[in-house]
Each structure stands twice: as C-alpha cells, then as structure tokens.
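Only one structure is covered here, and it is reproduced in the block below.
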Amino acid sequence: MALTNTSDRYGALTKFFHWLIVALFAWQYFSGNVMTGMERGSLVAGIGQNAYFNWHKSIGLVALGIAIFRIINRSIGQLPNWAPTLGNGEKVFIHRAEQVLYLAMFVMPISGYIYVMAGDYGVLLFGEWKLPNPIGKIEALANGAKWVHIVAGYVLAAAVLGHVLLVLRHQIFMRDGLLWRMLPSQRK
Ligand code: HEM
Ligand code: HEM
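And the structure:
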C-alpha cells in the first residue's frame, strides 16, 4: 500500500490518521460524558473523576496534534477520485460533512483548551506535567469556550452520524464496497 494517496485510492497515512482520530474521539466522547456525569469521589471502571479529566484533556491535545498532521497531509497531497457510485447530491453532502469534520477536529480541542486555561483549571498532561497557563483567569472567556465545546460536540456527532450512515448505506445496501476505500487492504 502506498504511503500517500494516489488518484484511485487513499494511502496508508490517510487511513492510519483517519482511524486513529476515530479511536481518540470515541475516547473523548466516552470520557467527556463520564467525567461530567459522575459523582464526586466515585469511580467508573475503577477510575476517578480527576483521572478522567486529565486523560480527556491530554488525549484531546494529542488529537489536536494529529489533526494538524492530517490537514497538512491532506493539503499537500492529492485526493483519490470520487467513488464512481456516488451521486451528485452525495458528493455535495460528503464535501460539506468533511468540512465540518475537519473544522471540529480543531474547534473541539482548542475550545476545550481555552475553557480550562481561562477557567484556571489547567492541564496536568498525562497526570505528570502541569502546562503553563498563557491565558490567565478570564471567566467570561471560559464560559464562552465551554459553551462552544459542548455545542460543537453535538455538531461533530451529527456530522459523524451523517458520514457513517452514508458509508454504511453504500456498503450494506448498495454493496459497492465504499468502506474498503478507508480500510488497510482495499478490495475494490
Ligand atoms: C479533541 C477532541 C475533544 C472532543 C471530541 C471532546 C469532547 C467532549 C465532550 C463530548 C464533552 C462532554 C460535554 C458535555 O458536558 O455534554 C467534553 C467535556 C469537556 N472537555 Fe472535551 N473534548 C475534546 C478535547 C478537549 C480538550 C483538549 C480539553 C482541555 C484541554 C477538553 C476539556 C473538557 C472539559 C473541561 C469538559 C467538561 C465540560 C463541562 O464541565 O461540562 N476537551 N468534551
Ligand atoms: C470521528 C469520526 C470520523 C471522522 C472525523 C471522519 C472523517 C473523515 C474524513 C475527513 C474523510 C475524508 C478523507 C480524509 O481527508 O481523511 C473520511 C473518509 C472516510 N470515512 Fe470517516 N470519519 C469518521 C468516522 C468514520 C467511521 C466510523 C467510518 C466507518 C463507517 C468512516 C468511514 C470512512 C470512509 C469509508 C471514508 C472514505 C470515503 C471515500 O470513499 O472517499 N469514517 N472520514
């Protein structure tokens, strides 16, 4: 498999980053909802609230680094041609959904970062390193960023749902193997 995209398929780097972000975002949604919903002093799966917060913030910042790699990888390389089974309306939908997905890959971690820095909660990276706070406590900014983080989380979830439903519609009902285009051994 080629490392970069070619005109007829996605390369290894695009596929690797795609599924890495899926895994990291799955963790972000799980941990985000667990940590905000749990009782103080309680444990979920043997893990306390502070640890969930630390790992949510830390993995979120790692995801920001990957999003930067990913957008560079996409902008310097080429994209494969459209799958031949996509209709014109679907191409427009995919294009818009991908814009939202890329935007969310930045808005989510940046709003989370601004929220915790402006709220003066800080980031203890992987439970070990306290990051400096270049913003300082600004309550109004923290509230705004928290609001953006929560709303963007719903917008991202809707875009992912639309993206996944489109892929599954093709894969399961149209049986055109669209999903294979993003899997390691492309069969189509
Ligand atoms: C990279 C992608 C990220 C995703 C997908 C994500 C997703 C989420 C979700 C789904 C929630 C639950 C929201 C709710 O209360 O309904 C949440 C909460 C939260 N996130 Fe993130 N997050 C990300 C990155 C970050 C980063 C980098 C930070 C900080 C450095 C952060 C800090 C927080 C905090 C403090 C909360 C709790 C907000 C509250 O008190 O309601 N997040 N996040
Ligand atoms: C956090 C969740 C997800 C995000 C942010 C995301 C994002 C993207 C983006 C931006 C692309 C365009 C290629 C690129 O620039 O990398 C893409 C393509 C693709 N995604 Fe996802 N995706 C997510 C989840 C999923 C899931 C769960 C599936 C499986 C059903 C999936 C299947 C695909 C496929 C098959 C393509 C290639 C479509 C084509 O032929 O062009 N994605 N995804």
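Everything in the sequence shown is counted per the working numbering, starting at 351 for the first residue and increasing by one.
Positions of the beta carbon are idealized from the N, C-alpha and C atoms, including for glycine.
For residue i, the residue or residues it bridges with in DSSP
| i | result |
| --- | --- |
| Leu474 | Lys480 |
| Leu393 | Gly398 |
Local conformation of residue i per DSSP, three classes
| i | result |
| --- | --- |
| Gly512 | helix |
| Arg420 | helix |
| Lys538 | Model confidence at Lys538 stands at a pLDDT of 49, short of 50, so the residue's coordinates are unreliable and nothing is read from them. |
| Met388 | coil |
| Ala362 | helix |
| Lys487 | coil |
| Trp530 | helix |
| Ala352 | coil |
Best match in the options for proximity to residue i [C-alpha to C-alpha]
| i | options | result |
| --- | --- | --- |
| Tyr465 | Glu448, Ile488, Ile421 and His520 | Ile488 |
| Tyr452 | Gly361, Asp470 and Ala507 | Ala507 |
| Thr435 | Gly527, Ser535, Leu533 and Pro534 | Gly527 |
| Gly494 | Ser461, Leu429 and Ile426 | Ser461 |
Distance cut-off 6 Å: residue i Cβ against heavy atoms of ligand 1
| i | result |
| --- | --- |
| Pro482 | no |
| Gly486 | no |
| Gly503 | yes |
Check: residue i C-beta below 6 Å from any heavy atom of ligand 2
| i | result |
| --- | --- |
| Phe375 | yes |
| Val514 | yes |
Whole-angstrom C-beta distance between residue j and residue i, which should lie under 8 Å
| i | j | result |
| --- | --- | --- |
| Gly503 | Met467 | Actually they do not touch by this definition, with Cβ atoms about 18 Å apart. |
| Phe403 | Met385 | 5 Å |
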